Amino acid sequence: MSDSRVSDFLILGAMRSGSTSLYRYLGAHPDNYLAPKELGFFTDHFDRGLDWYREQFAGRTEAVVGEATADYLARPSAMRRIVTTLPHAKLVASLREPVARAFSHHGLLSTRGVDKRSFAEAIDEELAAVAEHGPDAEGVFYLSHGLYDVHLRRWFDLVDRDRLQLVVFDDLRGAPQQVYQDLCRHLGVADTEVPDIVGEAVNPYVTFRSIPLRKLSQRMPRPMGRAIARLNTRQNAARPEMSLGTKAKLVDFYRQRIDAVEALTGLDLSRWKD
């Protein structure tokens, strides 16, 4: 294979919606190669140039190569760069019920010490910003990643709909083998063999005994840093619960958005409305 190749497919996100599972499942296919996850070329490293991007796939002999960066779905600048640079690439996006997605996203950043606000505080601040300035207001983060109708409408303005395969997170959890085979057909690779990893849980909920120690481990040489990280991690920690008041606010915020996604995509998202 030529070292001038670039991605044949992209996993776009959404964040906290199963993109890591998709990355691992598709990466286990013998005809696929995926660059390191969260490569972020079309968001954070575009100024490095296309030659740098090609280097991520240099020497690969698999039939198709791709990458997964979970915030491509929601970033208009990434959308434009992707459709210009990769006019024929297949696209994959996973959609999770947006209230649960926002809560999971905050949980991740909270356990890493990135966001010290409670979930209720963060959502109240974002709802106030949206009420005053609209959904594109500065500081609107957890809410905005769940505005799938907005993101998908932008994508569909740029690409043919058959290029973008949508996965519903509930299906990824409930019928992972079927989702995997559907995606293989979308990518044009054989779907007859399902790797053992398909269906395995990834990204379990964890907490850290010390946030400063976690940050230190990330700056250390990899073997030592990983050893410290393992000692500093609490696996399968008890998850916090969302308050009923905050959940009610989010359900109200997203209700019409979910209807809009159904109308736009033809997906049945009644499970999200229970």
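If you use the working numbering, the sequence shown corresponds to residues -18 to 255, in order. Beta carbons are placed, not taken as given, at the ideal position from N, Cα and C, and that holds for glycine. Since we're looking at a predicted model, the values are computed, not measured.
Beta-ladder partner(s) of residue i, from DSSP
i             : result
glutamine 146 : Val73
glutamate 48  : Leu(-9)
leucine 15    : Gly47
Boundaries of the alpha helix (DSSP H) in which residue i is found, first to last residue
i                 : result
glycine 88        : 79 to 92
alanine 110       : 100 to 114
glycine 226       : 225 to 246
glutamate 36      : 31 to 36
serine 125        : From DSSP, serine 125 is part of no alpha helix (DSSP H); its letter is neither H nor E.
phenylalanine 27  : Segment: none, phenylalanine 27 is in no alpha helix (DSSP H) and carries neither H nor E.
proline 176       : Run containing proline 176: none; DSSP gives neither H nor E here.
methionine 60     : 57 to 66
glycine 8         : 0 to 8
phenylalanine 137 : 129 to 137
arginine 166      : 157 to 168
Cα-Cα separation between residue i and residue j, rounded to whole angstroms
i                 : j                : result
alanine 182       : serine 2         : 7 Å
phenylalanine 150 : histidine 126    : 15 Å
aspartate 233     : glutamine 159    : 32 Å
threonine 257     : arginine 238     : Limits of the chain in this structure are -18 at one end and 255 at the other, which puts residue 257 out of reach.
leucine 164       : glutamine 146    : 8 Å
valine 64         : aspartate 141    : 11 Å
proline 68        : phenylalanine 23 : 14 Å
aspartate 172     : aspartate -16    : 27 Å
histidine 132     : alanine 244      : 14 Å
valine 111        : aspartate 240    : 19 Å
tryptophan 253    : alanine 16       : 32 Å
valine 95         : aspartate 25     : 19 Å
histidine 256     : aspartate 255    : Here the chain has residues from -18 to 255 only, and residue 256 is not among them.
glutamate 36      : leucine 139      : 27 Å
arginine 5        : leucine 248      : 25 Å
alanine 109       : leucine 153      : 33 Å
arginine -14      : tyrosine 161     : 24 Å
methionine -18    : glutamate 19     : Note on methionine -18: pLDDT 46, under 50, position unreliable in the model; no value is reported.
leucine 231       : aspartate 117    : 17 Å
arginine 144      : leucine 250      : 21 Å
glutamate 119     : glutamate 174    : 46 Å
arginine 29       : glycine 21       : 11 Å
tyrosine 235      : aspartate 105    : 14 Å
alanine 59        : proline 157      : 28 Å
Cβ separation of residue i and residue j, assumed to be a contact under 8 Å, to the nearest whole Å
i                : j                 : result
alanine 70       : phenylalanine -10 : 6 Å
phenylalanine 84 : glutamate 107     : That pair is no contact at about 13 Å.
arginine 62      : phenylalanine 27  : 6 Å
tyrosine 34      : leucine 76        : The pair is not a contact, with the Cβ atoms about 26 Å apart (cut-off 8 Å).
threonine 66     : leucine 31        : 7 Å
proline 49       : isoleucine -8     : In the sequence as displayed, the identity of residue 49 is alanine instead of proline. Yes, alanine 49 and isoleucine -8 are in contact; Cβ-Cβ is about 4 Å, under 8 Å.
valine 148       : valine 242        : Not really, about 13 Å apart at Cβ, beyond 8 Å.
Touching or not, the segment 44 to 61 and the segment 155 to 172, by the rule of three or more beta carbon pairs under 8 Å? yes
Quick check: the segment 49 to 69 against the segment -10 to -2, are at least 3 beta-carbon pairs closer than 8 Å? Between the segment -10 to -2 and the segment 49 to 69 there are three or more inter-stretch CB-CB distances shorter than 8 Å, so the stretches are counted as touching.
Could you tell me whether the segment 219 to 232 touches the segment 92 to 111, using the rule of 3 or more Cβ pairs below 8 Å? yes
Taking one C-beta from the segment 172 to 180 and one from the segment 4 to 20 each time, how about it: are there three or more such pairs within less than 8 Å? yes
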